[in-house]
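Asker:
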Amino acid sequence: MSATSLMIHFTLNGEPVSAGIEPHHTILDVLRQQFSLYGARESCGQGLCGCCTVIVNGESVSGCLFLAAMADGGEVSTIEALDANGELDPVQQAFIECGAFQCGFCTSGFILMSRQLLERNPDPTEAEIRHFLSGNLCRCAAYPEIIEAVKLAAQMRRSTAELVK
1 MSATSLMIHF TLNGEPVSAG IEPHHTILDV LRQQFSLYGA RESCGQGLCG
51 CCTVIVNGES VSGCLFLAAM ADGGEVSTIE ALDANGELDP VQQAFIECGA
101 FQCGFCTSGF ILMSRQLLER NPDPTEAEIR HFLSGNLCRC AAYPEIIEAV
151 KLAAQMRRST AELVK
């Protein structure tokens, strides 16, 4: 580590971790280089496309802009945390069932944002889905399938919640 290096400690996908970083490192740099988590991807490098979305302290952030030092003491969740015990999250399952991706480059950002939307609003309208996902870009133009996947995931989550009652 250099004289400007920092050691940060945070919870990553439910596990406590530490990382040696430089002040200019983004959370995306750290996730990919130190923890081999490749679900979030840098595309635009300006926080405009959503491909690098990760969840920090319960809020979605552009991983390409979010400085890793700001995660110190916090909680970071990535797409890799969603499949629990080998079962896909309903949003992941809905994306598969609806064919809501083509190349897959943007998919992790869309899934994390869709999941965050459904946690906040379990029954969003199409307009609400479009508005919430407006910061995510799909270069393959799978938007109709993505909207259908979010609707299906909402239905799946409601059905699961009703079974638990």
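Here the sequence shown stands for residues 1 to 165, numbered as in UniProt numbering. Virtual Cβ for every residue (Gly too), placed ideally from N, Cα, C.
Do L67 and T26 count as a contact pair if the criterion is CB distance below 8 Å?
Answerer: yes
Asker: Using beta-carbon positions only, say whether G53 and S43 come within less than 8 Å of one another.
Answerer: A small fix is needed here, since residue 53 is Thr in this sequence, not Gly. In this structure, S43 does not lie closer than 8 Å to T53 by Cβ.
Asker: Is it true that the CB of A84 sits closer than 8 Å to the CB of A153?
Answerer: no
Asker: How is the beta strand (DSSP E) around E80 delimited, first residue to last?
Answerer: Element bounds for E80: n/a, residue is neither H nor E.
Asker: Please list the terminal residues of the continuous alpha helix (DSSP H) segment that includes T107.
Answerer: Where T107 is concerned, the enclosing alpha helix (DSSP H) stretches over 107 to 120.
Asker: Name, in chain order, the residues that DSSP records as bridge partners for S62.
Answerer: T53
Asker: Examine the Cβ distances between the stretch 124 to 136 and the stretch 97 to 116 and report whether three or more of them are shorter than 8 Å.
Answerer: When Cβ pairs closer than 8 Å are counted between the two stretches, the stretch 124 to 136 is seen to touch the stretch 97 to 116, the count reaching three or more.
Asker: C148 by DSSP, collapsed to three states: which one?
Answerer: A small fix is needed here, since residue 148 is Glu in this sequence, not Cys. Reduced to three states, the DSSP call for E148 is helix.
Asker: Any idea what DSSP makes of L137, helix, strand or coil?
Answerer: The answer is coil: DSSP assigns L137 none of H, G, I, E or B.
Asker: Can you tell me whether I21 is buried or exposed? The criterion is at least 16 other CB atoms within 10 Å of its CB, across all chains shown.
Answerer: buried
Asker: Taking just the CA atoms, how far does S36 sit from G104?
Answerer: 18 Å
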